[in-house]
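**Q**
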Amino acid sequence: MTATTYTDLLPKHEGPQMTLLWNPGLISGCGVAEIQGRRDATTYAVVELPTDWNGRAFRLEKVAGEGTDATEEVYSVFCSNNGRQDRCECRGFTRWGHCKHVDAINTTIANRWL
């Protein structure tokens with residue numbers, strides 16, 4: 001059995017263009033997202049969470065692989081239905097008001113992969 005992998009470019013902000021590889025999970029609302037930059041790639045296990053807010057919430061947990069540190073990185077990401085109230089707990093979002101995590105989840109939603 002071959003796993004399906006979807007690919008798309010993330011929105012371009014400052015810095016290099018990033019690519020998203022999405023592997024849907026066996027259960028709806030779950031999967032694995034790999035965000036590739038020019039020099040590196042980071043893989044996250046993605047699980048959708050229930051929310052009463054007007055949008056969708058997710059937990060992204062970094063998957064430690066060979067050659068990576070064991071530092072646990074877990075982010076709660078909220079993608080609002082109107083796109084103006086997206087949120088992420090990462091430092092990039094706190095500093096810039098956007099980040100690769102929100103971009104990746106919004107891309108999977110827009111492509112109907114999630």
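Mapped onto full-length UniProt numbering, the consecutive letters of the sequence shown carry residue numbers 1 to 114. Glycine residues also receive a C-beta, built at the ideal position from the N, C-alpha and C atoms.
Should Asp-40 go down as buried or exposed, given a rule of 16 or more other Cβ atoms within 10 Å for buried?
**A** Classification of Asp-40: exposed, given that the 10 Å Cβ count is below 16.
**Q** Could you say if the segment 73 to 91 and the segment 45 to 64 meet the contact criterion of at least three C-beta pairs nearer than 8 Å?
**A** Judged by Cβ distances under 8 Å, the segment 73 to 91 makes contact with the segment 45 to 64, as three or more pairs qualify.
**Q** For the alpha helix (DSSP H) containing Gly-92, list its first residue and its last residue.
**A** Start and end: 91 to 96.
**Q** Count the other CB atoms, across all protein chains shown, that sit within 10 Å of the CB of Asn-106; report buried if there are 16 or more and exposed otherwise.
**A** So Asn-106 ends up on the buried side.
**Q** In this structure, how does DSSP classify Asn-111 when only helix, strand and coil are distinguished?
**A** If DSSP states are grouped into helix, strand and coil, Asn-111 belongs with coil.
**Q** Per the DSSP calculation, Gln-36 is bridged to which residue(s)?
**A** Gln-36 pairs with Thr-19, Ala-41.
**Q** Can you list, in chain order, the residues of its chain whose CB lies under 6 Å from that of Cys-30, leaving out five sequence neighbours each side?
**A** Excluding residues within five positions, the ones whose Cβ falls inside 6 Å are Val-47.
**Q** Taking Ile-109 as the reference, which of Asn-82, Leu-26, Ala-64, Pro-16 has the closest Cα?
**A** Of the listed residues, the one whose Cα sits closest to Ile-109 is Asn-82.
**Q** With DSSP run on the structure shown, which of helix, strand or coil describes Lys-12?
**A** It is coil, neither helix nor strand.
**Q** Between Pro-24, Gly-15, Leu-10, Lys-12, which lies nearest to Trp-113 when the distance is taken from Cα to Cα?
**A** Checking every option, the nearest Cα to that of Trp-113 belongs to Pro-24.
**Q** Can you look up Ala-57 in the DSSP assignment and give me helix, strand or coil?
**A** It is a strand residue.
**Q** Once you ignore the five residues that flank Thr-5 on each side, which residues in its own chain have a CB closer than 8 Å to its CB?
**A** The answer, listed in chain order, is Leu-21, Trp-22, Asn-23.
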